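Each residue of the sequence shown is one higher than the one before, starting from 14 at the first, in this note's numbering.
By construction, the Cβ of each residue, glycine as well, lies at the ideal position given by its N, Cα and C atoms.
Being a predicted model, the structure only gives us computed values, none of them experimental.
The next block holds one structure in the form of structure tokens; read it before the comments.
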Amino acid sequence: MMVVTSYLALSAILFSIGLYGVLTKRNAVIVLFCIELMLNAANINFVAFSKFGLFPDLAGHIFTLFTITIAAAEAALGIAILIALYRHVETAEADQFKSLKG
């Protein structure tokens, strides 16, 4: 039987990998993937605390479904913006996008 600490450890590892990717990678697509990884780590926490909490119920599962929906919309919108920026700047490097100011 799994205990809550194993879920929390997995979530912490996934979140750390995602945070490392967001802070170190320059490619905007990789940064979006790392943000998705961080959101999935938060979803694991929601489900684990919903299952092993003081009052086990479906609230964490339902909140996770909303988070997954928002993450899918964020990914679709982010990729659409990146495609538009790539057509304008012709690069996917995040540090090149700041030249679009003004």
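(request) Starting from M51, follow the alpha helix (DSSP H) in both directions and report where the run begins and ends. (result) 41-65
(request) At 3 residues or longer, and completely inside the segment 63-101: list those beta strand (DSSP E) runs for me, N to C. (result) none
(request) Please name the residue, chosen from F76, D70, I81, V42, that lies closest to A97 on a Cα-to-Cα basis. (result) V42
(request) Might you give, ordered along the chain, the residues of its own chain that have their beta carbon closer than 6 Å to the beta carbon of F76, omitting 5 neighbours on each side? (result) F59
(request) Taking all protein chains shown into account, decide if A89 is buried (16 or more other Cβ within 10 angstroms of its Cβ) or exposed. (result) exposed
(request) Have a look at L95 and L67 and give me their C-alpha separation to the nearest angstrom. (result) 43 Å
(message) Tell me the rounded alpha-carbon separation between H74 and M51.
(response) 17 Å
(request) Just mark S24 as buried or exposed, buried being the case when its beta carbon has 16 or more other beta carbons within 10 Å. (result) buried
(request) For P69, collect the residues of the same chain with a Cβ closer than 6 Å to its Cβ; drop the 5 residues on either side in sequence, then sort them by chain order. (result) none
(message) Pull the bridge partners of E106 from the DSSP assignment, please.
(response) N40
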